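Below: the structure, in C-alpha coordinates.
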Amino acid sequence: MEKLIFVYNAYSGTRHVVLDALHKLIRPNAYACSICKVTHGVFSENSRWKKYRQASEVEMEFLHIDKFQKRYASKFGYKYTFPIVLWEDEGEMGIFISTEELERIKNEKDLIKIVEERLLID
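Numbering follows this note's numbering, in which position 55 of the sequence shown is assigned residue number 55; successive positions increment by one, without gaps.
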(Lines of atoms letter the chains of each structure in order from A; the text may use other names.)
(Lines give C-alpha, C1' and ligand atoms only; values in the text may rest on other atoms or scores of the structure.)
Protein backbone atom coordinates (compact mmCIF):
# COMPACT_ATOMS: atom_id res chain seq x y z
CA MET A 1 0.00 0.00 0.00
CA GLU A 2 1.40 3.34 -1.06
CA LYS A 3 -0.54 5.53 1.37
CA LEU A 4 -3.67 6.15 3.39
CA ILE A 5 -5.89 9.07 2.46
CA PHE A 6 -8.05 10.50 5.23
CA VAL A 7 -10.88 12.56 3.75
CA TYR A 8 -12.61 14.85 6.23
CA ASN A 9 -16.32 15.56 6.03
CA ALA A 10 -15.47 19.24 5.89
CA TYR A 11 -14.43 21.83 3.35
CA SER A 12 -11.16 23.75 3.22
CA GLY A 13 -10.74 27.47 3.64
CA THR A 14 -10.66 29.92 6.52
CA ARG A 15 -14.42 30.47 6.56
CA HIS A 16 -15.09 26.74 6.88
CA VAL A 17 -12.41 26.29 9.56
CA VAL A 18 -14.00 29.02 11.68
CA LEU A 19 -17.50 27.58 11.21
CA ASP A 20 -16.24 24.08 12.07
CA ALA A 21 -14.55 25.36 15.25
CA LEU A 22 -17.76 27.09 16.31
CA HIS A 23 -19.77 23.96 15.60
CA LYS A 24 -17.36 21.88 17.74
CA LEU A 25 -17.79 24.36 20.59
CA ILE A 26 -21.55 24.79 20.40
CA ARG A 27 -22.75 21.31 19.36
CA PRO A 28 -19.80 18.90 19.48
CA ASN A 29 -21.96 15.76 19.36
CA ALA A 30 -23.61 16.93 16.14
CA TYR A 31 -20.34 17.67 14.35
CA ALA A 32 -20.38 15.80 11.02
CA CYS A 33 -16.74 14.76 10.71
CA SER A 34 -15.91 11.78 12.88
CA ILE A 35 -12.24 11.90 11.83
CA CYS A 36 -12.01 15.52 13.00
CA LYS A 37 -13.78 14.67 16.27
CA VAL A 38 -11.11 12.19 17.33
CA THR A 39 -7.97 13.69 15.76
CA HIS A 40 -8.49 17.38 16.50
CA GLY A 41 -9.75 19.50 19.33
CA VAL A 42 -11.39 22.81 18.64
CA PHE A 43 -8.12 24.57 17.83
CA SER A 44 -5.39 21.99 17.35
CA GLU A 45 -4.50 18.39 16.56
CA ASN A 46 -4.79 15.82 19.35
CA SER A 47 -1.26 15.21 20.72
CA ARG A 48 -1.57 11.39 20.90
CA TRP A 49 -2.84 11.24 17.31
CA LYS A 50 -0.15 13.66 16.11
CA LYS A 51 2.60 11.59 17.73
CA TYR A 52 1.21 8.40 16.15
CA ARG A 53 0.85 10.00 12.74
CA GLN A 54 4.38 11.40 12.77
CA ALA A 55 5.90 8.09 13.90
CA SER A 56 3.96 5.92 11.44
CA GLU A 57 5.87 4.28 8.61
CA VAL A 58 2.77 4.52 6.43
CA GLU A 59 2.36 7.68 4.39
CA MET A 60 -0.82 9.49 5.35
CA GLU A 61 -2.50 12.28 3.44
CA PHE A 62 -5.31 14.41 4.85
CA LEU A 63 -7.76 16.11 2.51
CA HIS A 64 -10.96 18.10 2.83
CA ILE A 65 -13.87 17.07 0.58
CA ASP A 66 -13.29 19.80 -1.98
CA LYS A 67 -9.56 19.06 -2.27
CA PHE A 68 -10.20 15.32 -2.60
CA GLN A 69 -12.84 15.81 -5.26
CA LYS A 70 -10.64 18.20 -7.20
CA ARG A 71 -7.63 15.86 -7.15
CA TYR A 72 -9.52 12.62 -7.83
CA ALA A 73 -12.54 13.86 -9.78
CA SER A 74 -11.76 12.03 -13.00
CA LYS A 75 -11.36 8.62 -11.42
CA PHE A 76 -12.79 8.49 -7.89
CA GLY A 77 -14.24 11.92 -7.09
CA TYR A 78 -17.84 11.24 -6.21
CA LYS A 79 -17.75 7.53 -5.49
CA TYR A 80 -17.50 7.78 -1.70
CA THR A 81 -19.31 9.13 1.35
CA PHE A 82 -17.39 11.25 3.84
CA PRO A 83 -15.55 11.11 6.13
CA ILE A 84 -13.61 8.09 4.92
CA VAL A 85 -10.13 6.59 5.01
CA LEU A 86 -8.94 5.20 1.69
CA TRP A 87 -5.89 3.23 0.63
CA GLU A 88 -4.07 4.10 -2.55
CA ASP A 89 -1.56 1.90 -4.34
CA GLU A 90 -0.25 2.22 -7.88
CA GLY A 91 -3.21 4.27 -9.08
CA GLU A 92 -5.82 2.03 -7.46
CA MET A 93 -7.95 3.12 -4.50
CA GLY A 94 -10.26 1.41 -2.04
CA ILE A 95 -11.94 1.79 1.31
CA PHE A 96 -9.68 1.28 4.34
CA ILE A 97 -12.14 2.53 6.99
CA SER A 98 -15.72 3.24 5.92
CA THR A 99 -17.84 6.20 6.93
CA GLU A 100 -20.02 3.94 9.06
CA GLU A 101 -17.02 2.51 10.91
CA LEU A 102 -15.59 5.98 11.52
CA GLU A 103 -18.89 7.10 13.05
CA ARG A 104 -18.54 4.34 15.69
CA ILE A 105 -15.00 5.36 16.70
CA LYS A 106 -15.05 7.11 20.08
CA ASN A 107 -11.50 8.50 20.39
CA GLU A 108 -8.03 8.66 18.87
CA LYS A 109 -7.00 5.38 20.58
CA ASP A 110 -9.80 3.54 18.75
CA LEU A 111 -8.75 5.08 15.44
CA ILE A 112 -5.10 4.15 15.97
CA LYS A 113 -6.12 0.60 16.91
CA ILE A 114 -8.22 0.04 13.79
CA VAL A 115 -5.51 1.53 11.53
CA GLU A 116 -2.86 -0.72 13.09
CA GLU A 117 -5.05 -3.83 12.89
CA ARG A 118 -5.80 -3.26 9.23
CA LEU A 119 -2.19 -2.48 8.37
CA LEU A 120 -1.20 -5.87 9.83
CA ILE A 121 -3.74 -7.60 7.59
CA ASP A 122 -2.46 -5.87 4.47
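Glycine is no exception: its CB is placed at the ideal position from the N, C-alpha and C atoms.
Computed from a predicted structure; not experimentally measured.
Taking 8 Å as the cut-off, the beta carbon of residue 86 is found closer than this to the beta carbon of residue 95.
Assigned with DSSP and collapsed to three states, residue 42 falls in coil, not helix or strand.
If you ignore the 5 residues before and after residue 59, its C-beta comes within less than 6 Å of the C-beta of 3, all in its own chain and listed in chain order.
If you draw a straight line from the Cα of residue 89 to the Cα of residue 100, it is about 23 Å long. Taking a C-beta distance under 8 Å as the contact criterion, residue 38 and residue 119 do not qualify as a contact pair.
C-alpha of residue 43 to C-alpha of residue 36: approximately 11 Å in a straight line. The three-state reading of DSSP puts residue 114 in helix, counting H, G and I together.
Sixteen is the threshold: when 16 or more other Cβ atoms of the shown chains lie within 10 Å of the Cβ of residue 108, as they do, the residue is buried.
The straight-line gap separating the alpha-carbon atoms of residue 63 and residue 83 is approximately 10 Å. Rounded to whole angstroms, residue 49 and residue 66 show a C-alpha spacing of 24 Å.
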